[in-house]
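These protein sequences, in sequence, are chains A and B. The first sequence runs 0 to 85 under numbering that gives the first Met the number 0. The second sequence runs 0 to 374 under numbering that gives the first Met the number 0. Note that CB positions come from ideal geometry on N, CA and C, so glycine has one too.
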Amino acid sequence: MAVTVLVPSLLAAQAGGTNRFEVEAPSVAAALRALPVSDLIFDETGTLRGLVTVYVDGKDIRTRDGVETPLEGDEEIRIVAAIAGG
Amino acid sequence: MAQTDKFSVVSAVILAGTRKGLFLLKSDDRRSWSVEDPVLEGWDVFHAMQDLRDGSLYAAANHGVYGATVHRSTDGGKTWTRSEGLGLPEDSGLTLEKTWHVEPGRDSEPGTLWLGGAPGVLFRTDDSGESWEVVQSVLEHPTRERWNPGAGGMCTHSIQLDPADPNRMYIGISAAGVFRSEDEGESWTPANKGTAADFFPEDRFPEVGQCVHKLLLHAGKEGRLWQQNHCGVYRSDDRGENWERLEDNGLPSAFGFPLALHDAKPDTAFVIPEDEARGGEVGGGNRVTTGGRLGVYRTDDGGKTWELASNGLPERAWVEVLREGMASDRDDPVGIYFGTKSGSIFVSLNEGDEWFEAARYLPAVLSVEIGELPS
């Protein structure tokens, strides 16, 4: 079953205007790497960029297993640019 | 309006990279400029330029969350393609922090461009930016441990190819200094003799570590280089082997960032001093135009003397013009263009004799270049 990934406007612009993706993936990392903008989400070492925040069904993945958080399918993943600087 | 052939009419375009995307300003007469809606919204466009070999536009763009990249447009800025996967090799232990400057390669290498970035890195593409290869000789330079970041990071911001020798090129890195390659980037020799690092009081003239702010080569006089440095304005006539400091001769401060040259006159240069650095004092503490005056200074004698060339510019203005913020065209007389962090673009169509404001209320201007696009 596919999960839904919602991306913010800048990433959507870089993905040809699409802000909603349906992907089959066993983990958050796999889902994010399937996106056409994965190089903006991860740096060249494969690490999630520090100011990218990811929620799975409304829960911050940092409170779970980070990008290794497993997916069962049907979840909604939302990427949010961290709020910094006021 | 310029007519290049029977069918194409072109407009001049100012590419103004800003903190909030790229703005294209178009003009048919270079006097009246229209500001188009921004493109690359959301990106800090550190530098945008037109590759005159094929007309493509390139933008070195950065984002506080999504990292550093390069965008290319082949349709005059309507649509853009991003260079994917730009980064440093894992074994370097470094990650790409920022992209700073895109420089077209030689006419004989139509797909080749060079890209400078932080931390002190250089990339090369041979496929018009689809893929970039890091230049290992810069990444692994034996003096790297003596390089330090300036206030803007350790940025490779100046890349100059010598038309007199297809293998010779130069880079400027803050704060590492100027480096020259005689083998098209395979190896690099520090070229900082005579360039002061006044912020190192125990060794003011080290081999490397100088804080070059902008480096330009004059194509019309072999061996002629200019640089605006943290510690003075300099000229070299021997490919950077030796540098002559040009001050106490009309410049109100040694500190500044932008630099522009005159295409046909190797002895002419333009700078915009900041702060109040005189007599060897290290500037940079107050990065606004010297004396609260927006002063463009021009030399026509190789830097022996400088004169204020600011007719039409505001006399009371505390502004910043960044290292990529000034450009010159190849018209006769030469046009000079610069942008401020307070969002204005100023233009002189007569080599600095008179200025006018072409646009205002833009976001902070990070870079200015001039090009031409179909009307």
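For residue j and residue i, the rounded distance between their alpha carbons
i	j	result
D64 of chain A	L47 of chain A	13 Å
G342 of chain B	G370 of chain B	20 Å
A363 of chain B	T339 of chain B	7 Å
D106 of chain B	K25 of chain B	26 Å
S235 of chain B	V177 of chain B	11 Å
M153 of chain B	Y54 of chain A	34 Å
T3 of chain B	P37 of chain B	Bear in mind that the predicted position of T3 of chain B carries a pLDDT of just 46, short of 50, making it too unreliable to give a figure here.
I271 of chain B	A326 of chain B	12 Å
A268 of chain B	E83 of chain B	37 Å
Y296 of chain B	G16 of chain A	46 Å
I60 of chain A	D42 of chain A	18 Å
Q135 of chain B	G86 of chain B	13 Å
D182 of chain B	Y169 of chain B	11 Å
R123 of chain B	P265 of chain B	28 Å
T142 of chain B	L160 of chain B	22 Å
W354 of chain B	R29 of chain B	12 Å
E21 of chain A	L9 of chain A	18 Å
V281 of chain B	A117 of chain B	24 Å
P7 of chain A	E201 of chain B	51 Å
K77 of chain B	T98 of chain B	22 Å
S173 of chain B	E368 of chain B	21 Å
A150 of chain B	A175 of chain B	13 Å
N310 of chain B	S55 of chain B	34 Å
D90 of chain B	W187 of chain B	21 Å
A1 of chain B	T94 of chain B	In this prediction, A1 of chain B has a pLDDT of 46, which is less than 50 and means its spatial position is unreliable; what the coordinates show is noted afterwards. The straight-line gap from Cα to Cα measures roughly 45 Å.
L372 of chain B	D53 of chain B	11 Å
D330 of chain B	A263 of chain B	9 Å
G41 of chain B	N248 of chain B	43 Å
A67 of chain B	D125 of chain B	19 Å
E314 of chain B	A11 of chain A	44 Å
P162 of chain B	D56 of chain A	58 Å
I344 of chain B	R203 of chain B	36 Å
V346 of chain B	T62 of chain A	54 Å
V79 of chain A	K58 of chain A	12 Å
V139 of chain B	E275 of chain B	Note on residue identity: the sequence assigns Glu, not Val, to residue 139 of chain B. Rounded to the nearest angstrom, the two C-alpha atoms are 37 Å apart.
V320 of chain B	L70 of chain A	50 Å
Residue-level contact to chain B via CB, residue i, 9 Å cutoff
i	result
T44 of chain A	yes
R48 of chain A	yes
V51 of chain A	yes
A1 of chain A	no
A80 of chain A	yes
I76 of chain A	no
Closer than 9 Å to chain A by CB, residue i
i	result
E35 of chain B	no
D43 of chain B	no
E40 of chain B	yes
Whole-number beta carbon distance between residue j and residue i, since they are thought to touch under 8 Å
i	j	result
L50 of chain A	V9 of chain B	41 Å between Cβ atoms; not a contact.
T155 of chain B	G119 of chain B	6 Å
A58 of chain B	D43 of chain B	Actually they do not touch by this definition, with Cβ atoms about 10 Å apart.
E273 of chain B	T288 of chain B	6 Å
L121 of chain B	V137 of chain B	4 Å
W317 of chain B	G291 of chain B	5 Å
T3 of chain A	R19 of chain A	6 Å
P257 of chain B	R322 of chain B	6 Å
L260 of chain B	L215 of chain B	5 Å
N241 of chain B	G193 of chain B	5 Å
S366 of chain B	G324 of chain B	6 Å
S37 of chain A	E67 of chain A	Contact flag wrong, Cβ pair sits at about 16 Å.
R145 of chain B	G208 of chain B	6 Å
D237 of chain B	G219 of chain B	16 Å between Cβ atoms; not a contact.
Cβ-heavy atom distance, residue i to the ligand GDP, below 8 Å
i	result
E23 of chain A	Here there are no bound small molecules, and the ligand GDP is not part of this structure.
Only counting runs of 3 or more residues, tell me where the beta strand (DSSP E) segments fall wholly within the stretch 255–313 of chain B, in order along the chain. Taken in chain order, the complete beta strand (DSSP E) segments of 3 or more residues contained in the stretch 255–313 of chain B are 264–273 and 296–298.
Residues of the stretch 20–43 of chain A with a CB closer than 7 Å to any CB of chain B: list them in chain order, please. Going along the stretch 20–43 of chain A in chain order, one finds D38, L39, D42 and E43 with a Cβ nearer than 7 Å to chain B.
Which parts of the stretch 206–255 of chain B are runs of the beta strand (DSSP E), unbroken and 3 residues or longer, counting only runs that do not cross its ends? Secondary structure within the stretch 206–255 of chain B: the beta strand (DSSP E) runs of 3 or more consecutive residues, fully enclosed, are 211–216, 224–228 and 231–235 (chain order).
Short of 8 Å Cβ to Cβ, which residues in the stretch 56–84 of chain B face chain A? Per Cβ criterion, the list reads H62, G63, V64, Y65, G66, T68, R81, E83 and G84.
Taking only beta carbons into account, state which residues of the stretch 3–19 of chain A come closer than 8 Å to chain B, listed in chain order. Taken in chain order, the members of the stretch 3–19 of chain A whose beta-carbon sits within less than 8 Å of a beta-carbon on chain B are S8, L9, L10, A12 and Q13.
Please list, in chain order, the residues of the stretch 80–112 of chain B that have any C-beta partner in chain A closer than 7 Å. Residues R81, E83, G84, G86, L87, E89, T94 and L95.
Completely contained alpha helix (DSSP H) runs for the stretch 18–80 of chain A, where each covers 4 or more residues: Qualifying alpha helix (DSSP H) stretches, in chain order: 27–32 and 37–40.
At 4 residues or longer, what runs of the alpha helix (DSSP H) sit wholly inside the stretch 102–185 of chain B? Listed in chain order, they are 135–138.
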